[in-house]
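This report concerns only the one structure given below.
2 protein chains.
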Amino acid sequence: MYNFVFQNTTKIYFGENQLEHLGEELKQYGTRVLLTYGGGSIKKIGLYDKVMDELKKTGLTVFELSGIEPNPRHTTVNKGADICKKENIDVLLAVGGGSTIDCTKAISAAAFYDGDSWDLVTHKAPVTKALPIVTILTLSATGSEMDSAAVISNLDTNEKYGLIHPLLQPKVSFLDPANTYSVSAFQTACGAADILSHIFDCFYFTASKKMDMVDRVMEDVIKTVVKYAPIAVKEPENYEARANLMWASSWALNGFLTTGGFQAPSCHAMEHELSAFYDITHGLGLAILTPRWMEYILDESSAPQFKKFGVNIFGVDESLSDMEGAERAIECLSDFLFKTLGLQSTLTEIGIDDKKFKVMAKKACRGDVLQGFKALTPEDVENIFRMCL
Amino acid sequence: MYNFVFQNTTKIYFGENQLEHLGEELKQYGTRVLLTYGGGSIKKIGLYDKVMDELKKTGLTVFELSGIEPNPRHTTVNKGADICKKENIDVLLAVGGGSTIDCTKAISAAAFYDGDSWDLVTHKAPVTKALPIVTILTLSATGSEMDSAAVISNLDTNEKYGLIHPLLQPKVSFLDPANTYSVSAFQTACGAADILSHIFDCFYFTASKKMDMVDRVMEDVIKTVVKYAPIAVKEPENYEARANLMWASSWALNGFLTTGGFQAPSCHAMEHELSAFYDITHGLGLAILTPRWMEYILDESSAPQFKKFGVNIFGVDESLSDMEGAERAIECLSDFLFKTLGLQSTLTEIGIDDKKFKVMAKKACRGDVLQGFKALTPEDVENIFRMCL
Chain G
1 MYNFVFQNTT KIYFGENQLE HLGEELKQYG TRVLLTYGGG SIKKIGLYDK VMDELKKTGL
61 TVFELSGIEP NPRHTTVNKG ADICKKENID VLLAVGGGST IDCTKAISAA AFYDGDSWDL
121 VTHKAPVTKA LPIVTILTLS ATGSEMDSAA VISNLDTNEK YGLIHPLLQP KVSFLDPANT
181 YSVSAFQTAC GAADILSHIF DCFYFTASKK MDMVDRVMED VIKTVVKYAP IAVKEPENYE
241 ARANLMWASS WALNGFLTTG GFQAPSCHAM EHELSAFYDI THGLGLAILT PRWMEYILDE
301 SSAPQFKKFG VNIFGVDESL SDMEGAERAI ECLSDFLFKT LGLQSTLTEI GIDDKKFKVM
361 AKKACRGDVL QGFKALTPED VENIFRMCL
Chain U
390 MYNFVFQNTT KIYFGENQLE HLGEELKQYG TRVLLTYGGG SIKKIGLYDK VMDELKKTGL
450 TVFELSGIEP NPRHTTVNKG ADICKKENID VLLAVGGGST IDCTKAISAA AFYDGDSWDL
510 VTHKAPVTKA LPIVTILTLS ATGSEMDSAA VISNLDTNEK YGLIHPLLQP KVSFLDPANT
570 YSVSAFQTAC GAADILSHIF DCFYFTASKK MDMVDRVMED VIKTVVKYAP IAVKEPENYE
630 ARANLMWASS WALNGFLTTG GFQAPSCHAM EHELSAFYDI THGLGLAILT PRWMEYILDE
690 SSAPQFKKFG VNIFGVDESL SDMEGAERAI ECLSDFLFKT LGLQSTLTEI GIDDKKFKVM
750 AKKACRGDVL QGFKALTPED VENIFRMCL
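Protein chains in written order, with our numbering: chain G, 1 to 389; chain U, 390 to 778.
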């Protein structure tokens, strides 16, 4: 019980006007920088110019890889790795949300591999070395800014897998809540759903015993999201809300909340199939799946935990029976995600039908069963997908 | 608001049977190890033998420095530094509580300095380099296992100061709750008071604005201590209680709880004078001082925070006025420290009279004022000391 190894080496600069430290941090690793970003929103908000100013001031040589997709592709990773090899890149600077950072992490390892980067993601080849990574976060959601995981998609095979390696841990991350002011209400809500799901999956809802202190902290990060996500949705430039969500996103997945427990991210595994096949926003898929997953696995053994969640987070009446309390908790979570945050509540609404449920369910289970609070067979997963229609 | 830099690189092995990793971790830094420890309790509990077995298995050459004092002396630091220089030590292994670890941290820096180690503590000479440190914790209290601070005493001058430098951060710490089973009820209680004080001082009680999430997490760690310290006092071999206290001790001072705020440890500064002059147990001094400090600074501006503390931690009636609620909170804390944990409640009981209050108060303020929730003049500090008689 409670055995674990914990380490998180990322240096965080949190708050406004911290970019003046960008140059000095990058310079430690060399002079040739590959700047990576997505569709260009960082230009709209003026962040691109600010970053370039700092890089120029420090006298760094900058190369660029733009156009990193949400659900980043292995083909983009290959493109980035080619630039690193050709231009002798010393350090990577990812400016964006989880997709940009994840793609950059994979590039950092692929830069030292001579084949297709998909080999690294599928563990056909090991990660042996990686370029150092610095990040500037623009979306509070994935926690990628302070962990060692990257999720990469292969659209040829409809696969989306996580690559986890200590070498992928960012050296430094800049977290300025003001850089998330322009995030849309929809993406803010999806980000909140993602943060919550990290805590649910790893492992607020669990069959194993947790350390009491860690369990309490999990609930406080959940409460933080439940309090501030609706504020950020309504008042995008509320610094306090953006700051709390940003630090919550990092802490939901930086390793502390998983100390002493067993990680088995059922909802994440199921959602990866949805976004691998339909390229939807990860947080939205998680929001739609989570209440149905809870409903599906609700029984006498899971009810006490779901009820406790309802009581502690949403003020569900403690005098209810476990089963009634759990049902009420699931309703409260659904209301929060679909009413308060305004996310779509069904797969049908986002254009997904049941055609691929069987193949997705099988893949989610990787031919076996999907471990988690309750082990799920492919048939179970298919049933859960069906509940989301 | 909320600007901060956060980094904590220490690798934690938590739980039982993790010592099998000790050799591999030390070996990364070299082959010549200086093992440091205190009065020999580690021999009584069999930990010394276990450690030596692992070191021998790995083929490391071991030197020893034993007899490190509670409130470790600069003279002991000098002794350790001499061994490091003479024996070309590669890495330090501290086995003990905060005193042993703090002393070892100071040794790690003094090993590269040719004068008296007190020069480093008093900033007459800068820390330029330090030997790597691995720790095995045997007392949940100071958080030294996961921070970069060392508190060293000079009995010639009755001074006790903190030396803080990133190079002093332990590389690896082994936290096995079972290694604290033999800690006495008194020392367990003192450790709990120390953990609480870290949170109060840095900076649960503050005049500045805190990030909501961090404030909640502070209360979680406080609740953890309030729940488990009395259990550990009564049932010294309760693993769950020891585990929660151990992880709480690390997190109370590992930097996370100070993110976004201002550190000004009033009670710690006042206590350092008590233990510098009277060599008392640090946690006991903190326990005696804290409720008096709260009482002394209680006014309309501090009352809301003290009341909130009482309501959230001890279930004080929320409908009370701020002032009544705050008074009740101070009573609850006193009851917890002096009745539930059984600590002595006055300086008189531990043989301290008012003879040196004036000089200690002046030193605590370093000739100026002591910053904190409320700034304190030497006269204020003297008054607080007097309330502790």
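Just so it is clear, CB atoms sit at the ideal spot from N, CA and C, and this is done for glycine as well.
Measure how close the beta-carbons of residue i and residue j come, nearest whole angstrom, since I'm counting them as under 8 Å.
i	j	result
residue 249(G)	residue 143(G)	5 Å
residue 174(G)	residue 137(G)	7 Å
residue 202(G)	residue 284(G)	Not quite, the Cβ-Cβ distance comes to about 19 Å (not below 8 Å), so this is no contact.
residue 559(U)	residue 522(U)	5 Å
residue 595(U)	residue 762(U)	6 Å
residue 103(G)	residue 80(G)	7 Å
residue 602(U)	residue 244(G)	5 Å
residue 557(U)	residue 482(U)	So it is not a contact: roughly 15 Å between Cβ atoms.
residue 565(U)	residue 694(U)	Incorrect: roughly 36 Å between the Cβ atoms, too far for contact.
residue 418(G)	residue 303(G)	The shown model of chain G, from 1 to 389, leaves out residue 418(G), and the question about it has no answer.
residue 15(G)	residue 391(U)	5 Å
residue 266(G)	residue 376(G)	6 Å
residue 247(G)	residue 600(U)	6 Å
Across which residues does DSSP place residue i in a beta bridge pair?
i	result
residue 454(U)	425(U)
residue 135(G)	94(G), 173(G)
residue 321(G)	The partner list for residue 321(G) (beta bridge, DSSP) is empty, contrary to what the question assumes.
residue 542(U)	462(U), 549(U)
residue 395(U)	12(G)
residue 376(G)	370(G)
Among the candidates the options, whose CA atom is the shortest distance from the CA of residue i?
i	options	result
residue 156(G)	118(G), 338(G), 183(G), 148(G)	118(G)
residue 643(U)	3(G), 2(G), 9(G)	9(G)
residue 539(U)	732(U), 510(U), 484(U)	510(U)
residue 742(U)	666(U), 725(U), 713(U)	666(U)
residue 618(U)	599(U), 483(U), 529(U)	529(U)
residue 429(U)	438(U), 518(U), 593(U), 465(U)	438(U)
residue 570(U)	561(U), 625(U), 535(U)	625(U)
residue 776(U)	555(U), 684(U), 713(U)	684(U)
residue 286(G)	65(G), 34(G), 347(G), 35(G)	347(G)
residue 716(U)	687(U), 739(U), 484(U)	687(U)
residue 409(U)	419(U), 436(U), 774(U)	436(U)
residue 28(G)	362(G), 100(G), 44(G), 58(G)	58(G)
residue 460(U)	745(U), 499(U), 487(U)	487(U)
residue 362(G)	316(G), 290(G), 272(G), 343(G)	272(G)
residue 452(U)	426(U), 566(U), 657(U)	426(U)
residue 90(G)	77(G), 112(G), 145(G)	112(G)
residue 281(G)	310(G), 189(G), 200(G)	189(G)
residue 225(G)	371(G), 23(G), 337(G), 51(G)	337(G)
residue 464(U)	400(U), 495(U), 656(U), 396(U)	495(U)
residue 165(G)	195(G), 129(G), 145(G), 200(G)	129(G)
residue 411(U)	26(G), 25(G), 23(G), 5(G)	5(G)
residue 575(U)	534(U), 550(U), 623(U)	623(U)
residue 147(G)	109(G), 101(G), 183(G)	101(G)
residue 401(U)	369(G), 7(G), 13(G), 333(G)	7(G)
| query | What residues in the segment 553-583 of chain U bring their beta carbon closer than 9 Å to a beta carbon of chain G? | reply | 561, 566
| field | Contact residues within the segment 4-33 of chain G, judged by C-beta distance below 9 Å to chain U | value | 4, 5, 6, 7, 8, 9, 10, 11, 12, 13, 14, 15, 16, 17, 18, 21
| Selection of the segment 627-655 of chain U by Cβ proximity to chain G, strictly under 8 Å | 628, 629, 632, 633, 636, 637, 640, 645, 648, 649
| task | Enumerate, from N- to C-terminal direction, the unbroken beta strand (DSSP E) stretches of 3 or more residues contained entirely within the segment 342-370 of chain G. | result | none
| query | Going along the chain, which unbroken runs of the alpha helix (DSSP H) with 4 or more residues stay wholly within the segment 636-671 of chain U? | reply | 655-667
| task | With 7 Å as the C-beta to C-beta threshold (strictly closer), list the residues of the segment 597-609 of chain U near chain G in chain order. | result | 600, 601, 602, 605, 606, 609
| query | What residues in the segment 138-161 of chain G bring their beta carbon closer than 9 Å to a beta carbon of chain U? | reply | none
| Which residues, in chain order, does the segment 509-525 of chain U contribute to contact with chain G at a C-beta distance below 8 Å? | none
| Segments assigned alpha helix (DSSP H), at least 4 residues, entirely inside the segment 159-239 of chain G | 185-199, 212-234
| task | Pull out every residue of the segment 34-63 of chain G whose Cβ sits closer than 7 Å to any Cβ of chain U, in chain order. | result | none
| message | Output needed in chain order: residues of the segment 222-235 of chain G with a Cβ under 8 Å from some Cβ in chain U. | response | 223, 224, 227, 228
| query | At a Cβ cut of 8 Å, what residues of the segment 292-320 of chain G count as close to chain U, listed as they run along the chain? | reply | none
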